Each structure stands twice: as structure tokens, then as C-alpha cells.
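Some notes on the structure that comes next.
Protein chains in written order, with this note's numbering: chain A, 15 to 412; chain B, 2 to 147.
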């Protein structure tokens with residue numbers, strides 16, 4: 015891929031995921047400082063700051079870019095903040111990448127961090143009768159796990175997925191996350207333990223639904239030329255960033271809606287929204303799923319990881335359980351999925367999560383993922399989907 | 002305690018029929034629920050004209066689940082909390098899937114993907130103004146199997 019279509023990742027950093035109970039700014043600054051150290055450049059060299067917004071922490075959360083820039087010390091860098099639900103971090107990466115590819119700057123910091131409340135995510139406060147997120151809670155009591163469970167039950171009915179399959183995804187990801195110093199949960203679990211945990215939203219159980227976590231993640235993006243000048247002859251590069259919207263009609267029921275678009279007069283496209291997200295990234299990078307060494311996908315639930323196997327093209331529709339049962343997606347298998355341990359081991363820190371997927375990919379491609387390394391990793395894909403028609407996929411290579 | 006029976010949110014259903022209330026674009030015939038009344042959301046249609054419609058009162062279960070833990074506000078939960086089932090229902094004529102709670106008395110063990118259900122109206126919660134209603138889905142006893 016030509017240098018004018020790629021940007022380099024010079025540094026990555028994370029604040030460990032957990033339930034630390036401190037201000038989100040602390041996690042973001044810690045992650046940014048770690049990424050700067052990893053890049054070997056001073057903060058004062060950063061020309062552009064792209065922040066991924068968090069929406070549950072009041073005013074500073076809505077202007078994450080400026081909030082982190084101030085906390086790191088004002089330098090006069092240009093700044094942006096963006097909200098794209100679970101894809102916020104990747105959307106911030108897309109902003110910074112576009113600035114670099116356009117030649118408007120050479121080096122950028124992308125950072126996202128969150129402090130989360132305990133329990134179910136709920137809409138922001140106030141009575142907002144024109145907000146589908148407020149309405150689905152008020153009228154239906156439909157939490158996020160409601161939707162995860164609808165997809166899980168559908169897999170069982172359509173493809174013969176079993177509760178053991180869903181539990182096996184959790185077992186695999188727990189094993190992957192054991193050696194990850196940034197993971198919140200580092201404990202092996204058995205299928206029996208998963209199946210003994212309480213049902214939250216039938217057929218999904220407590221250990222199969224991702225927690226809400228505090229955490230922060232950051233990357234230093236730069237032009238290929240800047241990377242060479244700073245001694246990085248063979249950096250990990252970002253070859254594609256997809257942040258596509260759905261196409262009309264979106265025929266799959268998705269958070270926070272309580273109805274789909276209608277297919278009464280326009281037929282849905284060949285691909286679902288989730289499948290189109292990564293497809294757009296493959297086309298941009300000029301590769302296909304057969305070129306992948308690993309994937310980091312958004313396992314909001316254990317069952318949802320199986321949907322992703324098909325959506326990112328690792329197997330045909332209905333074959334995800336077979337891929338899982340063969341061990342293909344376990345480290346050491348043909349195409350390891352979520353070698354980081356995934357959301358299963360991290361919990362979700364929304365604006366940081368898509369950036370964290372990129373951090374893990376970079377460590378894997380550099381061969382620095384101690385205790386969870388995918389041998390000889392050359393190409394990684396990340397995939398995620400959130401509310402309101404947001405999703406992202408990033409392709410990284412070395 | 003008032004005796005009024007009113008929808009928990011106006012405009013989504015008519016409890017007297019009962020039926021979900023949608024709209025149909027006069028340009029491309031696409032159906033919308035909740036009703037769209039300003040600009041058609043089909044990207045290749047420029048229409049701003051819509052007619053009000055009632056959605057089909059029967060459909061088939063696309064998928065289902067339940068809520069074993071009490072959802073957070075703004076859900077108004079019974080005290081003590083009573084778990085409920087939910088299902089997403091395909092309405093064939095409209096080409097649309099609509100989520101709803103399942104009528105009381107039915108749990109996930111009573112449901113199957115593909116099962117026929119019909120729209121009913123039930124009390125969602127009671128406040129100082131009276132009973133607040135919502136639509137729910139209820140398995141059809143005598144299914145009109147296609």
C-alpha cells in the first residue's frame with residue numbers, strides 16, 4: 015500500500031481497565047503519556063489531538079479532546095472531539111488520520127477514556143420523549159442485554175447454536191485475557207461455571223455479558239515520513255478505517271430502536287450493517303479476510319462474538335459455531351479472535367474501547383503481546399458496533 | 002387515584018383498536034413505525050407526504066428473551082419486581098420488526114421463533130394520572146398458519 019494512503023502508529027498506551035472510581039481524565043492522561051513514551055516523542059511535538067467523548071461525566075466528557083489537551087498542558091495543538099457511541103474511539107482515529115493524510119499535520123494523539131456506573135447502562139437523565147434511547151427503557155424495559163439476547167436466541171433457532179457454544183466463547187476469551195496486564199478480569203472459567211451463573215436475559219448469563227468498566231486508551235498516529243525521521247523504519251500502519259453508516263432499509267432490530275426500517279418498498283442490501291462495516295475496511299485496504307492474522311471484535315456478549323465471525327468473513331453464515339468448536343479462533347488456531355481477552359475480560363469503557371482494540375492489534379503485530387502472542391502476526395482487523403447506526407473497523411498491518 | 006387509561010407515550014398506538022400507529026410514504030409506499038411525518042427516510046425518495054396507517058395486529062416472532070433483572074429508570078418497575086419476556090415480531094405486510102414486552106403470564110418457555118403473536122394493550126405502570134398503557138405481544142391461541 016502506498017505511503018500516501020497509510021499512517022503509522024508510533025506509540026500506543028492504556029490505563030488498565032477496572033472499576034477505579036476516579037475521574038475519566040486521569041485514565042486518559044495516563045494512557046496518553048504511556049503512548050507518548052512508547053512513541054519516544056514529547057507531548058509538545060503533537061500537532062493535533064482527537065478526543066473520543068464520554069457522555070456520562072458532564073461537561074468535560076463532551077469535549078474530551080480539549081479536556082485531555084488541557085490536562086496534558088496547553089500547547090496550542092489543534093483539537094477535535096467526537097461522539098459515535100461505541101465507535102467513538104475509531105471515529106477519533108479517523109479524524110486524526112484524515113488530518114495526516116491531507117497533509118494538515120504530521121503527528122496526532124488520539125485518546126479516549128471513561129468512568130462507568132455500576133450495572134446496566136441507562137440513558138442520560140431527564141424525560142426525553144423524542145429520544146429512542148429513553149423510549150426503549152421507559153416503554154419496554156429493553157436494556158442492552160435484551161438486544162444481545164435476541165441475537166443469541168436467533169442464532170440458536172437459525173443455526174443450532176447451543177448454550178455450551180456461548181459459554182465456550184467466554185471460556186476462550188477468559189483464557190486469552192489471563193496474561194493481559196490491562197484486562198480487568200484475569201481468571202480462568204469453565205463451561206460449568208459460566209452455565210451456573212444467573213440468567214440475565216435468556217439465553218444469556220451473567221458471565222456472558224460484558225461489564226461496564228473504567229479505562230483509557232491512546233495512540234500516536236503520524237505520517238510515514240515522520241515515522242521514518244523518528245527511527246521507526248517498519249512501523250505498524252493503519253491501512254483502513256471504516257466508520258460507515260447502515261444503508262436503508264436496515265432490517266435488523268438494533269439498539270436503541272424498538273422497530274426496524276421497513277423493507278416493504280425497498281429491499282435490504284446484500285449485507286447487513288454489521289457485515290458492511292468490515293467489508294468497507296477490506297475494500298479500502300485492498301485485502302480480504304483470508305489475509306488476516308487475528309481479529310479483535312466487539313463481544314458485548316459471548317454469542318455476539320459468533321455473529322462477528324460471519325460478519326467479518328471468517329466463515330459462511332451459520333458456520334461460526336463450527337469455527338469455534340474447531341479451536342480456530344483460539345490463540346494457536348487458524349485465526350485467533352480477541353487475543354486480548356476481548357470485552358469479556360475488559361468490560362466496556364465506551365470511548366476507549368475501539369482505541370483499545372487498536373492498541374492490542376499493534377502489540378500483536380509488533381510481537382510484544384506477552385503471554386497471548388499470535389505467532390507471526392502480520393495483519394489485524396478490529397470490528398465494533400454501537401448505538402444509533404455507529405460502527406467501526408480498522409485494518410492494521412506490519 | 003384517577004381512572005384514566007392513557008398510552009404511556011402518545012402517538013405510537015391506539016389502545017381502543019388496539020393497533021400500532023405508523024405512516025406510509027405517498028411517494029415510495031415505505032412504511033414507518035413510529036410514524037414519519039416530515040421527510041421520507043428512503044434516501045432515493047424526496048416525498049414529504051404521508052398517510053396515517055394502522056400496522057398489522059398479528060405477526061411472527063423473530064426472536065425473544067426476558068428481563069430477569071430490573072431495568073433501570075426511566076423504566077417504571079413493579080415493586081417487587083416481576084421479570085417479563087420480550088419479543089421482536091415480524092409484520093409481513095409492512096416488512097418491519099417491532100419489539101415489545103410479551104403479555105403477562107407468558108415466559109420464554111412459552112415462546113418459539115416463528116410463533117404467531119397478536120397485539121394487546123396492557124398497563125405498563127400506574128401513576129397519579131391513572132393507568133399508563135403500552136402495547137404487548139401475546140401468543141395466538143388459534144394460529145392462522147400460513
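Even for Gly, the Cβ is constructed at its ideal location relative to N, Cα and C. On a predicted model such as this, the values are computed, not experimentally measured, just so you know.
query, result
"Contacting residues, own chain, Cβ-Cβ under 7 Å from residue 247 of chain A (five flanking each side not counted)", "none"
"Endpoints, alpha helix (DSSP H) assigned at residue 292 of chain A", "287–299"
"Backbone CA spacing between residue 85 of chain B and residue 169 of chain A [nearest angstrom]", "21 Å"
"At least three beta-carbon pairs within less than 8 Å, the region 265–274 of chain A to the region 357–370 of chain A", "no"
"Minimum Cβ-Cβ distance from residue 9 of chain B to chain A less than 8 Å", "yes"
"Residue 10 of chain A versus residue 29 of chain A: straight-line alpha-carbon distance, rounded", "Here chain A has residues from 15 to 412 only, and residue 10 of chain A is not among them."
"Test: residue 74 of chain B CB closer than 8 Å to a CB of chain A", "yes"
"Min CB distance residue 164 of chain A to chain B below 8 Å", "yes"
"Residue range of the unbroken alpha helix (DSSP H) whose run includes residue 238 of chain A", "238–243"
"Nearest-angstrom Cα separation, counted from residue 322 of chain A out to residue 101 of chain B", "26 Å"
"Span separating the alpha-carbon of residue 3 of chain B from that of residue 155 of chain A", "Its pLDDT being 48, under 50, residue 3 of chain B is placed unreliably by the model, and the measurement read from it follows with that caveat. Approximately 24 Å between the Cα atoms of the pair."
"Pick from A:239, A:86, A:289 and A:334 that is closest to residue 175 of chain A, judged by C-alpha positions", "A:334"
"Residue 187 of chain A, DSSP secondary structure in three states", "helix"
"Chain-ordered chain B contacts of residue 136 of chain A [CB-CB under 7 Å]", "73 and 74"
"Cα-Cα separation, residue 71 of chain B to residue 224 of chain A", "17 Å"
"Contact set for residue 24 of chain B: own chain, Cβ-Cβ below 7 Å, skip 5 residues either direction", "33, 36, 37, 38, 51, 52, 53 and 54"
"Buried/exposed call for residue 253 of chain A, threshold 16 Cβ in 10 Å", "buried"
"Per DSSP, cross-strand counterpart(s) of residue 182 of chain A", "Paired residues: none, contrary to the question."
"Range covered by the beta strand (DSSP E) that runs through residue 40 of chain B", "That residue, residue 40 of chain B, is in no beta strand (DSSP E); it is neither H nor E in DSSP."
"Residue 266 of chain A - containing alpha helix (DSSP H), residue span", "It is not in any alpha helix (DSSP H) - residue 266 of chain A carries neither H nor E in the DSSP assignment."
"3-residue-minimum beta strand (DSSP E) runs that sit fully inside the region 337–410 of chain A, ordered along the chain", "393–399"
"Within 8 Å, strictly: CB atoms of residue 388 of chain A and residue 399 of chain A", "no"
"Separation of residue 71 of chain A from residue 218 of chain A, as counted between CA atoms", "29 Å"
"Residues in the region 213–233 of chain A having any Cβ partner in chain B nearer than 7 Å", "213, 214, 215 and 216"
"Own chain, CB closer than 6 Å to residue 214 of chain A, minus 5 neighbours either side, in chain order", "159, 220 and 223"
"Chain-ordered neighbours of residue 1 of chain B on chain A, where CB pairs are closer than 7 Å", "The structure shown does not extend to residue 1 of chain B, since chain B spans only 2 to 147, so no value can be given for it."
"Exposed unless 16 or more other CB atoms sit within 10 angstroms - verdict on residue 130 of chain B", "exposed"
"Residue 272 of chain A - DSSP class collapsed to helix/strand/coil", "coil"
"DSSP bridge partner residues for residue 65 of chain B (one or two, in chain order)", "B:88"
"C-beta neighbour in chain A for residue 147 of chain B, strict 8 Å", "Confidence in residue 147 of chain B is poor, its pLDDT being 46 and thus under 50, which makes the residue's placement unreliable; the coordinate value appears in the next sentence. It does not; no Cβ of chain A falls within 8 Å."
"Residues near residue 11 of chain B by beta carbon distance below 7 Å, same chain, minus five either side", "none"
"Straight-line gap, residue 98 of chain A to residue 62 of chain B (C-alpha atoms, nearest Å)", "31 Å"
"Nearest-angstrom Cα separation, counted from residue 48 of chain B out to residue 23 of chain A", "46 Å"
"Nearest-angstrom beta carbon gap, residue 42 of chain A and residue 126 of chain A [assumed within contact, 8 Å]", "7 Å"
"Cβ pair count under 8 Å reaching 3, the region 195–210 of chain A against the region 297–313 of chain A", "no"
"Proximity test, Cβ basis, 8 Å: residue 107 of chain B and chain A", "no"
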